[in-house]
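Peer 1: Chains as they are written, first to last, in my numbering: chain A, 258 to 565; chain B, -12 to 417; chain C, 446 to 759.
Beta carbons: idealized from backbone N, C-alpha and C, even for Gly.
Remember, it's a predicted structure, so these values are computed and weren't measured experimentally.
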Amino acid sequence: MDFGPHLLLATLEGAVTAAILALTAMGLSIVFGVMRVVNVAHGEFYMLGAVIAWFIATSLGAHPAIGFVAALLLAPLAVGAIAAVSDRLILSRIDYDPERTIVATIGLLYIIQQATLMTFGPDARPVEPPFNHRIALPWVEWGDGGLALYWPWGLSITSYKLFIIGAAAVVLTGIWLVMTRTRFGLIMRATQQDREMAMVFGVPVDRTFAYVFGLGAGLAAIGAVLVVPVQQAHYLMGHDPLLLSFIVVIIGGLGSLPGTVIAAILIGMTDGIISVFFSPTLAKIIATLAVAMVLVFRPQGLMGKASR
Amino acid sequence: MSNRVSKSTITRRTALKTLAGSTGAGLLLPGLAGGAFAQESGPIKLGFQVHRTGIGSAYGRWYERVATAAIARINDMGGINGRQVEMIAEDDGTDPRRGAEVVERFANLHNVDAVFGPLFSHVVIGAAPRAGELKMPYFVVSEGHHVASGALNRYTLQPGITDVKSQVISMAPYVAENVGKKVTMIFPDFAFGHDHRDFFTDAIAAQGGEVIQQIAVPPTETTFTRYFPSIPRETEVVYHVMVGPGVLTFVREMGEFFGGQGPALFGFIDSLEAVDIASPGLEFLEDSYFWEGMPRYAQPDQTPHEAAYRAAVGVDENGASIDDPRDVSTYAHMFGVWETLAVMKAGMEAAGYQGPDDRQSLIEAVEAMSDMPLSDDHPQGDKVFNGRTHQVFGKQSISRVQDGKLVRVHQTSIEDTLYEDEVDYTAQSF
Amino acid sequence: MTDRAKSYTLHVGIVVLLAVLFFVLPAYHVGNLARIMVLAVYAIGYNLLFGYTGLLSLGHALFFAAGMYGFGMSIHLWGTPTALALVLGGLSGLVVAGIVGFLALRTRDVAFMIVTLMFAQAGYLTILYFGPTTRGDEGFVVSDAGRTLFGLDLSDEATRYWAALVLLATALLGTAALVKSRLGRALIAVRENEERAQMLGYDTTRLKYIAVVLSGTLSAVAGAAYAILFGYVGGTFATVQYSIFPLLWVLLGGAGTTIGPLIGVIFMFYLIDISSGFTDAYMFIAGVALLILCLFAPQGIAGEIRRRGLKWLP
């Protein structure tokens, strides 16, 4: 493929990756920002979202669109509830101590993974997309008669992939509205800025934390439900989203929501675009080191404030 | 000495009975006490190293089903040397360190007579040195080239499944003649993929073809579309092989990319092992070609031996579980477990195996084998075992998707799959 | 007895106990202990940085792998004499830790965690990228010649055990001495309060750098030892999983205690080994055990012992 169309394709595919990543990382970022804990089980909540989506879609057995919509509504709720319960049962009892939280969430990771393996099994299972059309895309070139449109071989995207990008944008806007315009958002921001002060002002920090933890997991689950018609539900699928989300959150700047979105776009896209120029694995090495260097020279992240 | 594989007289009925009797059984829990010495009157204990968890678990589940059925069949036929066979299964998590630890458990805790079963190359290579040190016969079912390449040791054998090198080189003549000569290869960027790349690139060149582009996909990848633009326009055949949970995504995105007008496709069934060809989004695979170790769909000329095997392991004519037609097996690979156990039995009988002291004679007896004709022991087909390289050779199939099913269009000869020996394990000391 | 004497008795006692166990335990557990001791050296290396200096790295697999490949590749490619190859293994860890430390220490807290994670990820991908020489994920078997050191065959069960014990004893007694030394106390001061340590006149940046390099080198030695004792070099050991393991071992055993890493490895190893004997869901049991420990023994096992009585535990 020529350079131009190849770049366009890599950009489009990168945008899909970035959309999912933004949702998943946003969940982690909110938890990180408000509760100041590292949730190692975040990827498993993502995986649970996909698996529950598969379960809902197949047990309904109706038209793919109905199954998908049901999954999109119910799976995040279920995952959020599981997360909120584990917050109450475990994290709150260890006082959100940073190191103990790491151990506890690793424990949670093992439990969720193994439980899924024993019930859902080891196979990768597909969910049918609600709709899926291949859209061939044109490109311009200088022909004999000046600028002309043509349809390069393979330059295409599917309608469902475009839907992923749109849906992610809608959800993220919703989150932004919740954070800035609602009482719950105000409570979260207050808790994030100063936990003690928020408590003094009567914020029910305990309950807020449970909601926040549930919300974070629910966002990961939404990302997973959106992605599962493109990829498949598999019990080990939480690994990469966890690592990438971490990176996005830190690069974006701790607790900065716009930073998280920008970083997700940056990381989702660079991977694809660098792979236009280098062999894929080399591209991944370069992208990984580049991200590390951003942090080395700007440790507070892109949008973070320098530490006091 | 020639072949010692006895022809069995199993009927379809006994095979079915075996299956019924073995459902749910098979996993005898190991005692924690350990230290029990091998009793030469008790059962023969075979350790089954299985990928129950980790990335190999989709294969491991089916390997375990086949192993359970094969052991039940052996016991129905009177066991080995008049003794019943007890299988002790241990999960290695598809991890090389755990694999080595599991081999230690078999040798020192369970005191098994021999170990069989691991599939993933890194696990085999990680555990084989321990098997050698513990002088434990280690029958791998991995299709890796690591055994025949000489990287392992005298105690490690692969008598039940052919290796990737012989599979790949035997594909080249058919691909060059019937599919196309200008090939673009897409493979995972790790050792298994590199084996495909290296062996096929040479083999197709020998047929007057050419690999015009090699696309290595990082193994951590979950989305693939961005790699397809690197496929040159003049490509006549895309040769694809992919493993892991992302395979369905890979194949589907390839279909979306070409939109029904791309080059011909030739794939290794690994790209779709345990995946239903009728999955949504795979319609474009119609008319494409696949290598198969053993045809997943029962072919019109299916032998009675294969029919008996299918029934014994509980797989229908579409290669899916009899209980659940959506549960597709790893049919192209899992016969290796069945045949490995048959070879172990034949080897133990030829060696007059009594207990762990006879492990060396067991190795020597297997090394002495050569022809393994099509039979209930070898339902995949005729095989030739090379005792020097510890590797078995057999016929390979090329199937084409027609009306959503894989139909065999070509079967190689065993000669097509042979290559020069790269090692002589029999020259190594025990 | 003074605290120093108690501590000395404890560490020598552990080494003697491990030596006695060789004669007492059945072959299976002797084999396990050999492996546990090598992994414990890795955990001790990790503990130097995490437990004593307070820096949480998620990239130690890079150092472990550097030692493993530094040793393994020099044997595999050039047939280097074993002793020299071992030194090369340690040196590669030293160099890699030197570079990573130089860059990563510009960051702190979670950013440090992520930067080390990313370097390790890049390292893992590099092993895959150079697959034709490294054999990537599949790895390779170390030759018999490469496993013979000063005429000793390290693939022999007994020799392997004693070699692992010598290594562990050195690491254990070494850290015990280190944490009582001026340097060790300075590192702990950095962990407790970096600003205050700075005010007291410590060059904290230099101290942290020393900790990264020491920790990385010791991890690399463990990696090289694993390769020589168990005969395998593979990409799996460079994955994130192997960065998380030492963190887990150290947290379980007791961060900032000399014996914690060893206890953590033994605990985790036998937890999985025993539970896998009666259920497939051994990871489930491991997960539940982690939660229980986390709820009821927050300082880890050795930390809990120290809290409940043995205050002198180093």
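1) Please state if the CB of B:Val300 and the CB of B:Val442 are separated by a distance shorter than 8 Å.
2) Considering only C-alpha positions, which residue in the set B:Ala56, B:Ser136, B:Gly66 is nearest to B:Pro30?
3) Within the continuous alpha helix (DSSP H) that includes A:Thr415, where are the two ends?
4) Of the residues C:Leu758, C:Ile704, C:Gly698, C:Arg641, which one's Cα is nearest the Cα of C:Ala742?
5) Checking the sheet assignment: what are the DSSP bridge partners for A:Trp399?
6) Is A:Val487 close to chain B? Criterion is C-beta to C-beta, closer than 8 Å.
7) Please confirm if A:Tyr367 has its CB atom under 8 Å from at least one CB of chain C.
8) Using a Cβ-Cβ cut-off of less than 8 Å, give me the residues of the region 40 to 64 of chain B that come near chain C, in sequence order.
9) From the DSSP output, read off the bridge partner residues of B:Phe271.
10) Excluding the 5 residues preceding and the 5 following C:Ser660 in the sequence, name in chain order all residues of the same chain whose CB lies nearer than 6 Å to its CB.
11) Report the option in B:His365, B:Ser386, B:Gly34, B:Glu221 whose CA atom is closest to the CA atom of B:Leu96.
12) Taking all protein chains shown into account, decide if A:Asn296 is buried (16 or more other Cβ within 10 angstroms of its Cβ) or exposed.
13) Give me, in chain order, the residues of the same chain whose beta-carbon lies closer than 6 Å to that of B:His365; leave out the 5 immediate sequence neighbours on both sides.
14) For a contact meaning CB atoms closer than 8 Å, what does A:Asp401 contact in chain B?
15) Could you spell out where the alpha helix (DSSP H) holding B:Thr171 opens and where it closes?
16) Using a beta-carbon distance below 8 Å, is A:His570 in contact with chain B?
17) Say whether chain B places a C-beta atom closer than 8 Å to the C-beta of C:Tyr677.
18) Select from the region 527 to 544 of chain A all residues with a C-beta closer than 7 Å to any C-beta belonging to chain B, and list them in chain order.
19) Below 7 Å between beta carbons is the criterion; list the residues of the region 196 to 221 of chain B that meet it against any residue of chain A, in chain order.
20) Name, going along the chain, the residues of the region 294 to 322 of chain B whose beta-carbon falls closer than 7 Å to a beta-carbon of chain A.
21) Just to check my reading of the structure: C:Thr593 and C:Thr527 have Cβ atoms closer than 8 Å, yes? What is that Cβ distance to the nearest angstrom?
22) Tell me whether C:Thr579 sits in a helix, a strand or coil according to DSSP, three-state version.
23) Quick one: is A:Gly411 near chain B, going by C-beta distance under 8 Å?
24) Check the Cβ of A:Met494 against every Cβ in chain B and list those closer than 8 Å, keeping chain order.
25) Output, in chain order, the set of chain A residues within a Cβ distance shorter than 7 Å of C:Ala656.
26) What is the C-beta distance between C:Leu500 and C:Ala656, in whole angstroms, given that I count them as a contact (C-beta under 8 Å)?
27) Can you find a heavy atom of the ligand COA that lies under 7 Å from the Cβ of B:Tyr296?
28) Any beta carbon from chain A within less than 8 Å of B:His397's own beta carbon?
29) Could you pull out every residue in the same chain whose Cβ sits closer than 6 Å to the Cβ of B:Ala445, ignoring the five residues on either side in sequence?
30) Please report the Cβ distance between B:Val72 and B:Ala118, rounded to the nearest whole angstrom; I am assuming they are in contact, meaning their Cβ atoms lie under 8 Å.
31) For the region 261 to 274 of chain A, enumerate the residues whose C-beta is nearer than 8 Å to any C-beta of chain B, in chain order.
32) Determine, for B:Ala87, whether the minimum Cβ-Cβ distance to residues of chain C falls below 8 Å.
33) Determine, for C:Leu613, whether the minimum Cβ-Cβ distance to residues of chain B falls below 8 Å.
34) Please classify C:Val611: is it buried, with 16 or more other beta-carbons within 10 angstroms of its beta-carbon, or exposed?
35) Output, in sequence order along the chain, the residues in the region 112 to 140 of chain B whose CB is closer than 9 Å to any CB in chain C.
36) Between B:Ala178 and chain C, is any beta-carbon pair separated by less than 8 Å?
Peer 2: Well, looking at it:
1) With chain B running from -12 to 417 in the structure shown, residue 442 of chain B is simply not present.
2) Sequence index remark: in the second sequence, residue 30 of chain B carries index 43 (1-based). Nearest of B:Ala56, B:Ser136, B:Gly66 to B:Pro30, Cα basis: B:Gly66.
3) Your numbering for residue 415 of chain A matches position 158 in the first sequence. Element bounds for A:Thr415: not the alpha helix (DSSP H) but the beta strand (DSSP E), 413 to 415.
4) Against the third sequence, residue 742 of chain C aligns to sequence position 297. The candidate whose alpha carbon is nearest that of C:Ala742 is C:Gly698.
5) The count along the first sequence starts at 1 and reaches residue 399 of chain A at position 142. Paired residues: A:Leu404.
6) One-based indexing of the first sequence puts residue 487 of chain A at position 230. Closer than 8 Å to some Cβ of chain B, the Cβ of A:Val487 qualifies, so yes.
7) Numbered from 1 along the first sequence, position 110 holds the residue referred to as residue 367 of chain A. So, interface residue.
8) Thr40
9) The residue given as residue 271 of chain B occupies position 284 in the second sequence. B:Phe271 is not bridged to any residue.
10) The count along the third sequence starts at 1 and reaches residue 660 of chain C at position 215. Excluding sequence neighbours, C:Ser660 sits near Gly490, Leu493, Leu494.
11) The residue you call residue 96 of chain B lines up with position 109 of the second sequence. The shortest C-alpha separation from B:Leu96 is found at B:Gly34.
12) Counting from one through the first sequence, the residue named residue 296 of chain A turns up at place 39. A:Asn296 is buried by the Cβ-count criterion.
13) By 1-based counting over the second sequence, the position of residue 365 of chain B is 378. Exclusion of the five residues before and after B:His365 leaves Glu326, Met359 as the residues of its chain whose Cβ lies within less than 6 Å of its Cβ.
14) Residue 401 of chain A sits at position 144 when you count from the first residue of the first sequence. By Cβ distance, chain B contributes nothing, its closest Cβ being about 20 Å from A:Asp401, past 8 Å.
15) Taking the first residue of the second sequence as 1, we reach residue 171 of chain B at position 184. B:Thr171 -> not in any alpha helix (DSSP H); beta strand (DSSP E) instead, spanning 169 to 175.
16) In this structure chain A extends from 258 to 565, so residue 570 of chain A is not present and cannot be described.
17) Mapped onto the third sequence, residue 677 of chain C falls at position 232. Yes - at least one Cβ of chain B is within 8 Å of the one on C:Tyr677.
18) For the region 527 to 544 of chain A, residues whose beta-carbon sits nearer than 7 Å to a beta-carbon of chain B comprise Gly529, Ser532, Ser536, Pro537, Thr538, Lys541.
19) Of all residues in the region 196 to 221 of chain B, only Ala203, Val204, Pro205, Thr207, Thr209, Thr210, Thr212, Arg213, Tyr214, Phe215, Pro216, Arg220 place a beta-carbon less than 7 Å from a beta-carbon of chain A.
20) none
21) Translated into the one-based positions of the third sequence, residue 593 of chain C becomes position 148. Translated into the one-based positions of the third sequence, residue 527 of chain C becomes position 82. Right, their Cβ atoms sit about 6 Å apart.
22) Numbered from its first residue, the third sequence carries residue 579 of chain C at position 134. Looking at C:Thr579 - three-state DSSP - the assignment turns out to be helix.
23) In the first sequence, the residue the question calls residue 411 of chain A occupies position 154. Yes, its Cβ sits closer than 8 Å to a Cβ of chain B.
24) Here residue 494 of chain A corresponds to residue number 237 of the first sequence, with the count starting at 1. Simply Thr209, Pro232.
25) Counting from 1 along the third sequence, the entry for residue 656 of chain C is found at position 211. Per Cβ cutoff of 7 Å: no residues; C:Ala656 is ~17 Å from chain A at best.
26) For this step, residue 500 of chain C is matched to residue 55 along the third sequence. For this step, residue 656 of chain C is matched to residue 211 along the third sequence. Their Cβ separation, rounded to whole angstroms, is 7 Å, which keeps C:Leu500 and C:Ala656 in contact under 8 Å.
27) The model depicted lacks the ligand COA and carries no ligand whatsoever.
28) If you number the second sequence from 1, residue 397 of chain B lands on position 410. Closer than 8 Å: no.
29) There is simply no residue 445 of chain B to check, as chain B begins at -12 and stops at 417 in what is shown.
30) The count along the second sequence starts at 1 and reaches residue 72 of chain B at position 85. The count along the second sequence starts at 1 and reaches residue 118 of chain B at position 131. Rounded, the Cβ-Cβ distance is 19 Å, inconsistent with contact.
31) Pro262, His263, Leu266, Ala267, Glu270, Gly271, Val273, Thr274
32) What you label residue 87 of chain B is simply residue 100 of the second sequence in a count that begins at 1. Closer than 8 Å: yes.
33) Stepping through the third sequence from its first residue, residue 613 of chain C is reached at position 168. So no, C:Leu613 is outside the interface.
34) Translated into the one-based positions of the third sequence, residue 611 of chain C becomes position 166. Classification for C:Val611: exposed.
35) Ile112, Gly113, Ala114, Ala115, Pro116, Arg117, Gly119, Glu120, Leu121, Gly131, His133, Ala138, Leu139, Asn140
36) Taking the second sequence and counting its residues from 1, one reaches residue 178 of chain B at position 191. B:Ala178 counts as touching chain C.
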